[in-house]
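Residues in the sequence shown are numbered from 246 upward in steps of one, following my numbering.
Backbone N, C-alpha and C fix where the C-beta goes; we use that ideal spot for every residue, glycine too.
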Amino acid sequence: MTESVVNMSVSDQLFARAKQVIPGGVNSPVRAFRSVGGAPFFVKAAHGARLVTADDRELIDAELIVRFVPSIQKVRMCNSGTEATMSAIRLARGFTKRDKIIKFSGCYHGHSDSLLIKAGSGALTHGNPDSAGVPASFAKETVVLSFNDRAALDAAFAANPDQIAGVILEPFPANIGLILPDPGYLAYLRDICTRNGTVLIFDEVMTGFRLSKAGVQGLLAEQGTPVIPDLTTLGKIIGGGLPVGAFGGHADIMDYLAPEGPVYQAGTLSGNPLAMAAGITALRMLEELNPYPRLEKLGQQVRDVLIAAARNKGIPLQVPQVGSMFALFFTPTPVRDYATALQADAKIFARIFRSCLDRGVYLAPSAYETAFISTAHDGPDIDQACEIMSKAIAEL
Ligand code: PMP
């Protein structure tokens, strides 16, 4: 199309607005028209082969995310949590011009090569791939540490001076049951990253929009102990059931992405209108409903009931809980990391799981999954689930 048939002024305004919150104003570099010149246009509708360009009622979807998560100045939409974390890692490497990254044992960040690696035996060993097909030469760029261990962090930075591009973590690890950080641990991590010029990445694919409008970082800010990551990755809830991921953060870092900067990242379906419509609707509903105080109450109810049932039965049980998220660890030891999580008795969990399922409550089918209470659960649902879970514990 040429300027003679397209009224570009509205698109120009929208593109200027998009550039405020999306690197280069696009979710895939070629869309910026750099190789053909001129400015891209926004599409309001399509009929057969014909496009209708935007009018001023269009909303830039990314603005909602920037409003929800204050640490995100610019955001790039993609199609899954895996894409978001993979791209954030590449961006951290491109921005710092370093290769190594730190992750924590038990944290899952999707299935890209750099991240599909858990602990070696010692805190400082280089990672071994978790899956066939990940070259050992990739895995050795990933240093795997134990969560909540400050000395291990100090040692890893000391052993790899000026080499750590980024640290990625689930700020509340939730892929090995639920683990909560020791007080001050996340602030310590923030500080050591700042001192070493390392990009701190919060993977909030699971916690984003679940624990607060701004995930763990929002909760920490509400509690008066803010920790601000450089980059944040998002997924799951952000798509309202459709495949959506996103990563965003400080504009100086995000502007390293193509077409603004040298770090390539792209996607045919990134920012597609169907998925964006579902995501926008989900986020607007969360804003309107503000389900978080209600979910916190329900979460506390479940935790208290489970702990009381285990105490009555005389079996050791830890129930870490925050908001709608909780986990059951049948162990006397408070769970602080991967090693203590693995000490929990998975056989007792399996018996509880089967007993609950027989009575109509479907827990996640693994001792190492975090349980979620959803906005669809009402009070009576949770009362009934509590009764059934208590019975299952009493009958052990
Ligand atoms: N990060 C975290 C914290 C996750 O829990 C997951 C998925 N369970 C991912 C990343 C990967 O997301 P996806 O499955 O959408 O690729």
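Looking at the strands, I want to know which residues DSSP matches up with D306.
Listed as beta-bridge partners of D306 by DSSP are no residues whatsoever.
Return the CA-CA distance between A329 and L479, expressed in angstroms with no decimal places.
Computed Cα separation, rounded: 7 angstroms.
Measure the C-alpha to C-alpha separation of D500 and G506 and round it to an integer number of angstroms.
Their Cα atoms are separated by approximately 6 angstroms.
With a threshold of 8 angstroms, are at least 3 pairs of Cβ atoms found where one atom belongs to the region 415 to 431 and the other to the region 611 to 624?
As far as the Cβ criterion goes, the region 415 to 431 touches the region 611 to 624, which means the pair count is three or higher.
Host beta strand (DSSP E) of V461 (start-end)
V461 -> not in any beta strand (DSSP E); alpha helix (DSSP H) instead, spanning 460 to 467.
Could you give the distance in angstroms between the alpha-carbon of V325 and the alpha-carbon of N517?
Before going further, note that residue 325 is Ser rather than Val in the sequence given. Looking at the two C-alpha atoms, the distance is approximately 13 angstroms.
Any heavy atom of ligand 1 closer than 7 angstroms to the Cβ of Y353?
At least one heavy atom of ligand 1 falls within 7 angstroms of the beta-carbon of Y353.
For S569 and K542, I'd like the C-alpha separation in whole angstroms.
Approximately 9 angstroms between the Cα atoms of the pair.
Between which two residues does the beta strand (DSSP E) holding V320 run?
Per DSSP, V320 is one residue of the beta strand (DSSP E) stretching across 319 to 323.
If distances are taken between C-alpha atoms only, which option among S600, D626, L608, Q629 comes closest to A639?
The candidate whose alpha carbon is nearest that of A639 is S600.
May I ask whether a heavy atom of ligand 1 can be found less than 7 angstroms away from the beta carbon of M306?
Note on identity: in this sequence residue 306 is Asp, with Met being the wrong assignment. Every heavy atom of ligand 1 is 7 angstroms or more from the Cβ of D306, so no.
Would G351 and A586 qualify as a contact pair, given that the criterion is a beta-carbon distance under 8 angstroms?
Yes, Cβ-Cβ distance for G351 and A586 is below 8 angstroms.
Can you name the start and end residues of the alpha helix (DSSP H) that L602 belongs to?
Start and end: 591 to 603.
Y353, buried or exposed, once every other Cβ within 10 Å from all chains shown has been counted against 16
The residue is buried, with at least 16 neighbouring Cβ atoms inside 10 Å.
Quick check: is any heavy atom of ligand 1 less than 7 angstroms from the C-beta of N420?
N420 Cβ: within cutoff of ligand 1.
Would you tell me roughly how many angstroms separate the C-alpha atoms of T327 and V275, rounded to the nearest one?
Take the alpha-carbon of T327 and the one of V275: they are about 22 angstroms apart.
Whole-number beta carbon distance between K481 and V450, since they are thought to touch under 8 angstroms
The beta-carbon separation of V450 and K481, rounded to 6 angstroms, stays under the 8 angstroms limit for a contact.
Sequence-distant residues of the same chain with beta carbon closer than 8 angstroms to M331, five excluded per side:
Around M331: G355, S357, S359, L360.
Please tell me whether A410 and V444 are closer than 8 angstroms, where the distance is taken between their beta carbons.
Yes, they are a contact pair.
Residues near C631 by beta carbon distance below 7 angstroms, same chain, minus five either side:
Scanning its chain for C-beta atoms nearer than 7 angstroms, with the 5 sequence neighbours on each side dropped, one finds around C631 the residues Q546, V547, V550, in chain order.
Among the residues of its own chain, which have a CB less than 6 angstroms from the CB of I597, if the five just before and after it don't count?
Here the set comprises A637.
Can at least three beta-carbon pairs, one atom from the region 308 to 327 and one from the region 380 to 396, be found at a separation below 8 angstroms?
Output reads no: the region 380 to 396 does not touch the region 308 to 327.
Span separating the alpha-carbon of F447 from that of K348:
Taking the straight line joining both Cα atoms gives about 11 angstroms.
Quick check on E415: buried or exposed, where buried means 16 or more other Cβ atoms within 10 Å of its Cβ?
E415 is buried by the Cβ-count criterion.
Whole alpha helix (DSSP H) elements within the region 404 to 483, 4-residue minimum:
For the region 404 to 483, whole alpha helix (DSSP H) runs of length 4 or above, ordered along the chain, are 430 to 441, 460 to 467.
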